[in-house]
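Q: Would you mind keeping the following structure in view while I ask a few things?
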Amino acid sequence: MIIAKFEKNSEKIVSVDLKGHADSADEGYDMVCSAVSAISLTIANGITEVLKINPSISLEDGFLSVNLKMLSLEEIDKCQILLETMLVGLQGVEISYGEYIEVEVEEV
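All you need for this note's numbering is the position in the sequence shown, starting with 1, plus 84.
Take a look at the structure:
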């Protein structure tokens with residue numbers, strides 16, 4: 085199962101961690117994994133390549149972390165539309181494939 089954990093501070097998303105594998109199909113045919121990867125990597129690339137903001141990003145097999153906590157408030161604000169889009173996209177995947185992904189939002 086994929087666990088997507090969003091941390092908010094004063095209604096602003098300040099970090100996202102995705103851990104695990106969907107295992108909804110054989111490797112290379114896993115639609116849930118593909119959807120989660122496409123959404124999350126597009127948003128991470130949008131932050132770095134389009135907005136030109138450099139949060140702390142870690143990427144490994146079955147793990148993605150995007151941490152904005154060390155950024156300025158202005159940079160965090162600029163990232164919100166993309167991060168809220170990621171949240172809504174992953175929640176949509178969860179609605180259809182909830183047995184393979186869980187999305188959590190925590191106020192910190």
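We treat Cβ as the ideally placed atom computed from N, Cα and C, and that holds for glycine.
Consult DSSP for Asn129 and reduce its assignment to one of helix, strand or coil.
A: Mapped onto the sequence shown, residue 129 falls at position 45. Three-state DSSP puts Asn129 in a helix.
Q: Would you kindly report the start and end of the unbroken beta strand (DSSP E) that includes Glu186?
A: Numbered from its first residue, the sequence shown carries residue 186 at position 102. Ile185 to Glu191 is the extent of the beta strand (DSSP E) around Glu186.
Q: Going along the chain, which residues of its own chain have a beta-carbon closer than 6 Å to the beta-carbon of Ser142, five neighbours each way excluded?
A: Counted from its first residue, the sequence shown places residue 142 at position 58. Here the set comprises Ser149.
Q: Assuming Leu179 and Val120 form a contact by the criterion Cβ under 8 Å, report the distance between their Cβ atoms to the nearest whole angstrom.
A: Position 95 of the sequence shown, counted from the start, is the residue given in the question as residue 179. Position 36 of the sequence shown, counted from the start, is the residue given in the question as residue 120. As written in the sequence, residue 179 is Ile, which differs from the Leu given in the question. With a Cβ gap of about 13 Å, Ile179 and Val120 do not count as contacting.
Q: Comparing alpha-carbon positions, which option in Asn151, Pro139 and Thr132 lies nearest Phe90?
A: The residue given as residue 90 occupies position 6 in the sequence shown. Among Asn151, Pro139 and Thr132, the Cα nearest to that of Phe90 belongs to Asn151.
Q: On the DSSP bridge assignment, give the partners of Ala109 in chain order.
A: Residue 109 sits at position 25 when you count from the first residue of the sequence shown. Bridge partners of Ala109: none, in fact.
Q: Once DSSP output is grouped into helix, strand and coil, what is the label at Leu143?
A: Against the sequence shown, residue 143 aligns to sequence position 59. Judged by DSSP in its simplified three-state form, Leu143 adopts strand.
Q: Leu202 by DSSP, collapsed to three states: which one?
A: The requested residue 202 does not occur in the structure, where the chain is confined to residues 85 to 192.
Q: With distance defined between alpha-carbon atoms, name the residue in Leu135, Leu166 and Gly173 nearest to Lys96.
A: As a working mapping, residue 96 is identified with position 12 in the sequence shown. Taking only the C-alpha atoms, the option nearest Lys96 is Leu166.
Q: Between Asn138 and the rest of its own chain, which residues show a CB-CB distance below 7 Å, the 5 nearest in sequence each way excluded?
A: The residue given as residue 138 occupies position 54 in the sequence shown. The answer, listed in chain order, is Thr132.
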